[in-house]
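Protein chains in written order, with the UniProt record's numbering: chain F, 1 to 297; chain L, 1 to 297; chain B, 1 to 297; chain G, 1 to 297. Built from N, CA and C at the ideal position, the CB exists for glycine as well.
Laid out in structure tokens, this is it:
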């Protein structure tokens with residue numbers, strides 16, 4: 001007889017928008033929320049008893065109620081409140097995992113906004129046995145350096161044809177997840193998650209643009225290190241960096257030079273692509289961010 | 001025997017990136033180019049003779065060569081040069097249609113960039129018989145007003161249940177195409193397409209945020225009018241505006257009020273959605289932008 | 001003062017699923033419906049009066065009511081009933097355009113189904129002044145021939161480097177739209193749209209696989225002709241065929257031959273891609289399918 | 001000083017198509033391959049030395065060479081050969097993870113094919129220290145039952161409004177990953193992976209359609225159990241089942257009943273959606289499939 005292993009269930013893709021309009025200048029918060037609960041669910045799987053199954057529809061309702069009644073101070077704080085609620089209010093729920101994506105808007109006018117940027121801020125809070133684990137992050141942040149990137153001196157085998165280069169375009173679409181040191185309800189409430197996020201994003205961008213790079217691996221390490229060195233509460237960071245290749249167009253059949261330099265023309269390709277992934281840890285920290293979180297394949 | 005009607009062929013999705021690096025501060029241009037040619041292609045369709053078929057691979061090569069040799073002053077000028085090239089250099093090509101999408105980047109540092117915004121600037125130039133038709137546009141520009149939008153007094157029938165509202169969130173993702181009055185090679189070269197684009201985009205945003213709206217139709221008309229009134233060279237504008245519905249979450253089952261006002265919480269939905277489309281014309285101008293261009297379904 | 005040109009508005013992406021369960025064997029119909037209405041909407045655009053604006057929410061309701069009360073005999077018949085309803089019941093509506101996508105399911109068991117295929121059947125019915133125009137079609141039908149495709153003897157210019165080939169892989173993702181000769185309510189009710197669709201699909205596939213091809217243009221013409229010759233009610237067909245390139249991998253750097261033949265290995269690429277589009281007409285028929293309908297760019 | 005944790009790099013989205021044409025009847029294999037290598041990469045990250053970095057471009061070349069020279073007996077066998085190659089041929093590579101997606105085609109004629117179904121078969125092989133771990137799976141398999149699904153007796157709290165039901169539509173899009181007991185090169189070569197895959201897929205479908213369901217959790221357990229009970233080499237299965245909600249359209253405002261039964265009409269919604277995930281184990285087996293592999297959020 002097969003046996004039930006790890007399991008969880010919940011509501012994904014709940015889209016909640018909240019408008020604060022205390023004065024003439026409105027504030028807009030735009031989230032996608034996912035809830036996943038684990039606990040005493042063996043009966044549900046084995047004999048079809050739903051006595052321990054809080055409907056996923058209820059989770060959706062709860063997201064809207066909490067957004068209305070408590071506001072959304074930050075993705076992290078909002079996720080933490082929701083996660084604790086489900087565990088502390090439902091006797092059969094042992095662990096809650098709440099993931100929030102925040103969509104960015106820029107102000108146009110007092111009550112007008114335009115979607116800005118392509119990146120999404122993320123937060124993922126797990127709550128179990130009175131303990132929170134908080135992951136912050138972002139995805140979809142696309143950056144490009146037109147120079148200060150080399151790639152050579154690499155290993156070779158019988159199938160290696162790649163030419164070495166001392167000046168290439170380096171571009172990637174950053175997915176980053178960083179773990180904060182252990183939190184309780186008080187430290188979560190006291191922290192300035194939005195300021196920390198802004199710092200982390202700024203450090204990632206500065207390290208990307210400021211690193212003279214011999215490989216995307218080196219750039220990755222520099223980016224993660226910059227955040228860890230700046231934010232004392234970050235224990236580890238996981239980065240997943242696809243190499244968005246820009247190849248110099250070969251115009252030699254037409255007698256036209258197209259070398260790195262002014263006016264160089266590149267083919268931007270989507271696939272195949274290199275994919276560089278690593279966790280960088282504060283010295284002494286444990287690695288806890290799941291590798292597959294940023295790299296499901 | 002079936003008969004060949006309108007036909008065209010070409011290369012789509014050619015991704016070209018050009019870097020100007022005259023000094024320390026580099027410039028980046030990032031385009032997706034599509035070429036479609038029409039002409040004496042009956043033999044190709046009916047008897048498999050390719051004597052009049054310039055390979056689509058050649059079109060791709062030409063895009064890279066022109067980007068390298070002539071630069072990319074603007075999507076419109078680049079499209080126009082390509083379109084004219086194919087018609088004037090190939091005796092069997094009678095018409096060329098070149099479509100360009102420009103992807104936006106913002107500067108991070110001298111040689112570093114970050115993809116910005118979600119919208120794409122578009123240009124579409126047709127060339128035939130020494131005559132250019134230039135369409136400019138944008139797609140993917142998402143905007144939202146938190147107030148100053150009403151919707152009531154509408155028609156009703158037996159299937160109407162929608163409540164009237166005097167204060168709702170209004171959000172849309174703008175697709176706009178505007179046609180310039182007739183152009184020749186000289187006027188295309190002389191125009192400042194980038195400045196005109198910036199003006200059009202700014203007018204669209206200002207009209208969206210500044211219009212007190214009784215319907216998305218009214219907002220649409222105000223947006224298009226603002227561009228036509230500001231840019232004398234624009235003969236017509238087509239707008240396609242999906243209504244990105246934000247519904248007030250119904251929290252009454254929980255005894256919680258959630259009315260428009262401070263702290264209101266909305267369900268953002270993807271589908272179904274309203275879709276408002278119209279062409280607005282300068283007085284006396286002919287309607288020439290195909291309706292299906294912005295509304296294929 | 002800018003002037004209002006062509007305009008329409010409606011509800012897109014209404015997803016309706018209907019289950020017929022007269023006996024143990026259930027039937028499933030799965031549609032996405034889009035409605036667009038035109039008529040006396042100048043006031044709505046210019047002065048914000050909604051007196052002639054039937055809410056798009058009502059259109060959605062009507063789709064569900066009609067599916068419930070009248071059933072869905074075919075996408076074409078369902079679209080026609082809806083289109084006529086809006087024009088005949090609303091004095092300010094002059095034209096209705098209803099587009100239906102049907103998603104395919106295959107039977108697993110009496111009341112169980114699995115989504116099958118990647119293609120979507122489409123229908124688009126316009127109604128105005130007691131006259132219907134019916135377009136049928138499909139999109140997303142991906143097909144591939146491993147041989148019997150050549151490409152050579154093509155035009156050349158200074159930027160042509162493509163090698164000629166007498167045996168290549170030919171693959172495409174078919175978008176087809178065909179127009180039926182004029183219809184009234186009686187002929188729409190009497191026609192067997194589902195049988196016609198099955199015939200058209202079968203003819204497209206047979207012509208694709210059975211045509212020895214010297215170009216995708218030739219294959220396109222053969223495909224459209226096969227339908228027109230088989231279905232007497234089809235006046236014209238528009239096909240849009242992206243060339244899904246499969247290039248022989250160049251393994252010569254490793255001393256490995258990789259020519260067409262047993263065991264040949266291909267790079268399947270997504271972009272850039274060739275795009276071949278044409279309308280084929282029954283002799284004497286007028287071309288009425290908008291070119292942009294299958295080729296918005 | 002930050003410290004390097006788990007890291008890997010490789011090539012994603014290599015698209016390889018192979019045609020076997022021993023006789024008139026051709027065979028088509030269509031894969032997307034991803035390679036990820038781990039090993040002595042600290043120098044690459046910390047000081048920009050690439051001496052241990054085999055270029056990702058080489059991995060892509062190797063995929064094509066292996067496909068050409070060794071053929072593709074199954075996704076699992078192909079992934080295993082590639083994984084072992086990188087570890088055994090590169091002294092600095094300690095672990096290789098090769099993921100393969102197979103795209104399905106159905107035969108139209110001797111050398112003609114049509115893309116069939118929407119699901120993708122997956123295989124993921126890790127090789128380290130002479131040991132293989134083989135995961136098989138599929139994604140994108142969408143199934144629906146029109147009856148034999150109930151949901152009631154669930155937990156309730158202050159935010160629960162969901163009505164109980166004894167007859168609902170149950171639909172999901174299956175993502176499944178199953179782990180095979182430990183393998184070496186001989187057992188991998190000897191196994192009939194394609195037959196096993198066909199069996200697993202058939203068991204999943206039969207269990208979905210054949211289970212009278214009180215919850216999607218119960219259906220999930222039945223599906224995984226059916227595979228484990230049929231295939232002795234499967235140690236565990238992870239399923240991720242989004243609940244593709246189909247809600248009865250509320251037509252009561254129009255005086256129309258729309259209850260479960262003949263002619264019932266449903267709203268098919270995309271979001272929010274329930275998400276049910278679990279691992280089911282053969283008795284005594286260890287849980288090794290990473291939870292995040294099928295549930296990155």
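Inclusion of residue 294 of chain F and residue 211 of chain F in the CB contact set at 8 Å is not warranted, their separation being larger than that value.
The Cβ atoms of residue 99 of chain L and residue 27 of chain L lie no closer than 8 Å to each other. Per DSSP, reduced to three states, the secondary structure at residue 214 of chain G is coil, with no helix or strand assignment.
When DSSP states are grouped into helix, strand and coil, residue 85 of chain G belongs to the helix group. Under the DSSP definition of a beta bridge, residue 243 of chain G partners with G:172 and G:274. For residue 287 of chain G, the nearest beta carbon of chain L is not closer than 8 Å to its own beta carbon.
In the same chain as residue 60 of chain L, and ignoring 5 residues on each side of it, the C-beta atoms closer than 6 Å to its own belong to 11 and 14, in chain order. Under DSSP, residue 248 of chain G takes part in a beta bridge, and its partners are G:266. Excluding the 5 residues flanking it on each side, residue 104 of chain B has same chain C-beta neighbours closer than 6 Å at 116 and 117, in chain order.
Between residue 169 of chain F and residue 205 of chain F, the gap from beta carbon to beta carbon reaches 8 Å or more.
CA-to-CA, the gap between residue 252 of chain G and residue 1 of chain L works out to about 54 Å. Interface annotation, residue 232 of chain G: not in contact with chain F, CB-CB separation never under 8 Å. Scanning chain B for C-beta atoms nearer than 7 Å to the C-beta of residue 123 of chain L yields nothing, as the closest lies near 11 Å away. Listed as beta-bridge partners of residue 237 of chain G by DSSP are G:178 and G:280.
Take residue 241 of chain G, set aside five residues on each side of it, and the residues of its chain with a beta-carbon closer than 6 Å to its own are 172, 216, 220 and 276, in chain order. The Cβ of residue 15 of chain B sits closer than 8 Å to at least one Cβ of chain L.
With a cut-off of 8 Å on Cβ pairs, the region 78-85 of chain F is in contact with the region 120-129 of chain F, counting three or more such pairs.
Within the region 68-87 of chain G, the residues whose Cβ lies closer than 9 Å to any Cβ of chain B are, in chain order, 68, 69 and 71.
Residue state for residue 61 of chain F is assigned as helix, using DSSP reduced to three classes. Burial of residue 30 of chain B is indicated by the presence of at least 16 other C-beta atoms within 10 angstroms of its C-beta.
With fewer than 16 other Cβ atoms inside 10 Å of its own Cβ, residue 232 of chain G counts as exposed. Interface annotation for the region 151-174 of chain L against chain G: 158, 159 and 161, criterion Cβ-Cβ distance under 8 Å. Within its own chain, the residues whose Cβ lies closer than 6 Å to the Cβ of residue 133 of chain L, once the five positions on either side in sequence are excluded, are 126, listed in chain order. Contact check for residue 9 of chain F against residue 46 of chain F fails: the beta carbons are separated by 8 Å or more. For the set G:149, G:136 and G:41, the Cα lying nearest the Cα of residue 197 of chain G is the one of G:136. Here residue 58 of chain B is buried. Its C-beta has 16 or more other C-beta atoms within 10 Å. Excluding its 5 nearest sequence neighbours in each direction, residue 227 of chain B has C-beta neighbours in its own chain below 7 Å: 178, 200, 203, 204, 234 and 237, listed in chain order.
In this structure, DSSP gives residue 108 of chain G an extended state, which the three-state scheme calls strand.
Residue 39 of chain L sits buried, since 16 or more C-beta atoms from the chains shown fall within 10 Å of its C-beta. Only residues of its own chain outside the window of five on either side were considered, and among them 249 and 258 have a CB closer than 7 Å to the CB of residue 265 of chain G, listed in chain order. The Cβ of residue 26 of chain L sits closer than 8 Å to at least one Cβ of chain F. Assignment of beta strand (DSSP E) within the region 127-171 of chain L, counting only whole runs of 3 or more residues, yields 131-145 in chain order.
Taking 8 Å as the CB threshold, residue 203 of chain F stays off the interface with chain L. One Cα belongs to residue 112 of chain B, the other to residue 71 of chain B, and the distance between them is close to 20 Å. By the beta-carbon neighbour count (other beta carbons within 10 angstroms, threshold 16), residue 146 of chain L is buried.
When 7 Å is used as the limit between beta carbons, residue 270 of chain F is near these residues of chain B: 270 and 271, in chain order.
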